[in-house]
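Undergrad:
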Amino acid sequence: MSDNKTIEVTAADLPLHCPQPGSALWSQHPRVFLDVLKTGEVVCPYCSTKYVFTGEAPKGHH
1 MSDNKTIEVT
11 AADLPLHCPQ
21 PGSALWSQHP
31 RVFLDVLKTG
41 EVVCPYCSTK
51 YVFTGEAPKG
61 HH
């Protein structure tokens with residue numbers, strides 16, 4: 001797919017999962033939780049959407 005998208009997420013979006021609420025019905029796949037805090041970005045294994053964490057990490061995360 002050449003139309004991969006990048007979505008910025010913040011602490012308010014945690015725990016992060018894909019697909020996100022409001023995603024088009026045709027783009028739905030099994031929900032998978034993604035650890036975006038580990039490296040600051042993560043790619044969904046189902047749809048290749050890239051999530052990038054912005055802002056301050058929540059307290060208690062290293």
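Take the sequence shown: its position 6, counted from the start at 1, is 6 in full-length UniProt numbering, and no numbers get skipped.
Note that CB positions come from ideal geometry on N, CA and C, so glycine has one too.
No experiment lies behind these values; they were computed from the predicted model shown.
Does F53 pass the burial test, meaning 16 or more other C-beta atoms within 10 Å, or should it be called exposed?
TA: Buried, because 16 or more other Cβ atoms sit within 10 Å of the Cβ of F53.
Undergrad: For R31 and C18, I'd like the C-alpha separation in whole angstroms.
TA: C-alpha separation (whole angstroms): 6 Å.
Undergrad: So what does DSSP say about M1, is it helix, strand or coil?
TA: Unreliable placement is indicated for M1, whose pLDDT of 40 sits below 50; the coordinate value is still reported in the next sentence. In the structure shown, M1 sits in coil (DSSP, three-state: anything other than H, G, I, E or B).
Undergrad: Of all the beta strand (DSSP E) runs that stay within the bounds of the UniProt domain "Zinc finger CHCC-type" (18 to 51), which reach a length of 3 or more residues?
TA: Complete beta strand (DSSP E) runs here, min 3: 41 to 43.
Undergrad: Using a Cβ-Cβ cut-off of 8 Å (strictly less than) and excluding sequence neighbours within five positions of G40, which residues of its own chain qualify?
TA: These residues qualify, in order along the chain: V52, F53.
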